[in-house]
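Trainee: For the sequence shown, this note's numbering begins at 6 and goes up steadily by one.
We treat Cβ as the ideally placed atom computed from N, Cα and C, and that holds for glycine.
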Amino acid sequence: MTLQTKVIVSMNALLTGVQDLASAEVPLSLRQALVLADGAGAGMADRIFHDRRTIAASGSDSLDLAGGLSDPLGVSLSFARLKVLLVRAAAANVNQVLVGGAASNAFAAPFGDATDKIKIPPGGTLLLAAGQADATGYAVTASTADLLLIGNGGAGSSVTYDIVLIGASA
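Here it is as structure tokens:
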């Protein structure tokens, strides 16, 4: 089994305005590609997990990155490091989706502190990606720093989110 990954981020914006004597346009075009070959070194990944999940009102998911998940083919997987973390909140959500902040054994590598949380509003997306030359990415440590908490930011209604984790086994 091999994994080939390409993550492409593209952004185009155009700011226009009218000045006293002329019109002004300031274009922005940004494109970033991350290509990962199969493996566990720099520019490589060999593990993937993806799912659409629903969390009850005021609830949370605790995803064990070091042995608690299965890949799309049903094989148990364990990440030693993450290279890509994508969480997309459903547009129909009423509440925010919270990423991070596990009370114990928190996967805190991309956060400043184990209690830090990123709030994703309805329809929003969080994307963290390690650089092409980075062999480490976001380190996962089994039994001490391997729980990724995804939470429902409110009461009264459930939230749905999509998650993609791409990383390496060593």
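Please list the segments of the beta strand (DSSP E) lying wholly inside the segment 48–74, counting only runs of 3 or more residues, in order along the chain.
Mentor: Whole beta strand (DSSP E) segments, 3+ residues: 52–60, 65–69.
Trainee: Compare the beta carbon distance of Leu90 and Leu133 with 8 Å and say whether it is the shorter of the two.
Mentor: Yes, they are a contact pair.
Trainee: Does the separation of the CB atoms of Ala144 and Arg52 fall below 8 Å?
Mentor: In this structure, Arg52 does not lie closer than 8 Å to Ala144 by Cβ.
Trainee: Should Asn157 be labelled buried (16 or more other beta-carbon atoms within 10 Å of its own) or exposed?
Mentor: Asn157 is buried by the Cβ-count criterion.
Trainee: Please classify Lys11: does DSSP put it in a helix, a strand, or coil?
Mentor: Three-state result, Lys11: strand.
Trainee: With a threshold of 16 other CB atoms inside 10 Å of the CB of Asn98, please say whether the residue is buried or exposed.
Mentor: Asn98 is buried by the Cβ-count criterion.
Trainee: For Asp167, which residues does DSSP report across the bridge?
Mentor: Answer by DSSP bridge pairing, in chain order: Arg57, Arg93.
Trainee: Going by DSSP, what residue range makes up the beta strand (DSSP E) through Asp43?
Mentor: 28–43 is the span of the beta strand (DSSP E), which, as asked, contains Asp43.
Trainee: In this structure, does DSSP put Thr5 in helix, strand or coil?
Mentor: Residue 5 lies beyond the stretch modelled for the chain, which goes from 6 to 175, so this question has no answer here.
Trainee: In chain order, what residues of the same chain lie with their CB nearer than 7 Å to the CB of Ala113, ignoring the 5 residues before and after it?
Mentor: So the list reads Ala119, Ala150, once near-sequence residues are dropped.
Trainee: Could you tell me the distance, in whole angstroms, from the CA atom of Glu30 to the CA atom of Asn17?
Mentor: Spanning the two alpha carbons is a distance of roughly 13 Å.
Trainee: Helix, strand or coil: how does DSSP classify Ser162 here?
Mentor: Reduced to three states, the DSSP call for Ser162 is coil.
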